[in-house]
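With the working numbering as the guide, the letters of the sequence shown map in order to residues -17 to 170. Structure first, commentary second.
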Amino acid sequence: MSQRKIKMKFMENKSSRLVTFSKRKSGLFKKAMELSILCGVEVVVLLFSVGGKAYSFGHPSIEAVTKKFIHQGEGSQMSHGESSNDDDNIVKLSQQLQDLKDQIQVEKDKKKDLDKALSKYEFINGKLPIDNLSLEELVEFKASLLSLKDNLAVKENEMEVASSLILLNDEICEQLTRLPYQKFEGGR
């Protein structure tokens, strides 16, 4: 299956935009690493997300390349042979660092969702006052309570029906035991 060409325009959907940023950022860093290894050049890539979060990649290291850029022509150049010994380690560590940053962001998002669920639970149980909620939060909270009420009503109805069926079954069994025993003789 071939990849389809994506039209280059601003993505309106925030979720899609974040996924695309994450994937393309990794691809950009990978291409920078490949360029450095294939051509023996030193590379620095700096990205700032819409939220202002900084992402960076440097080969052989961000510090070495930025120092060289700042002090151009002052003899601070390293030969490719000196830096190639650590190239693999630097690339691996840079990738590990980026993976950890991505993992931290995922965990922060999970924590945010759990905190939101916990606060809803605490509101329902009366542990937190609702005085500090905005109108939007109150409307959302009310909708959650109505949904919970509906779910409880359905469950209560199911349990009442099951209880009625059990009582009916017991009553039928009791009536059957009171019937006189009749021997059935089936024959030809």
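Don't be surprised by glycine CBs; every beta carbon is placed ideally from N, CA and C. Being a predicted model, the structure only gives us computed values, none of them experimental.
In the three-state DSSP reduction, S116 falls in the coil class, being neither helix nor strand.
Straight-line spacing of the CA atoms in V23 and F39 works out to 14 Å. In terms of Cβ geometry, R(-1) and M(-7) form a close pair [threshold 8 Å]. One alpha carbon belongs to L20, the other to K92, and they sit about 39 Å apart.
Linking E119 to G9 through their CA atoms gives a straight-line distance of about 39 Å. Just so you know, the alpha carbons of K83 and Q77 end up roughly 10 Å apart. Non-local beta-carbon contacts of L134 in its own chain, meaning distances under 7 Å to residues more than five positions away in sequence, are absent. When secondary structure is reduced to three states using DSSP, F3 falls in the helix class. A residue is called buried once 16 or more other Cβ atoms fall within 10 Å of its Cβ, and V47 is buried on that count. If you compare the alpha carbons of Y103, F11, L130 and K(-11) with that of I44, the shortest gap goes to F11. Taking C-beta atoms as the reference points, L17 and V26 fail to come closer than 8 Å. Membership of V47 in the alpha helix (DSSP H) is indicated by the continuous run I44 to I52. Secondary structure of F105 (DSSP, three-state): helix. Residue pairing by DSSP puts G40 in a beta bridge opposite V26.
Annotated as distal: L130 and F123, with beta-carbon spacing of 8 Å or more.
Within its own chain, the residues whose Cβ lies closer than 7 Å to the Cβ of S126, once the five positions on either side in sequence are excluded, are K102, listed in chain order.
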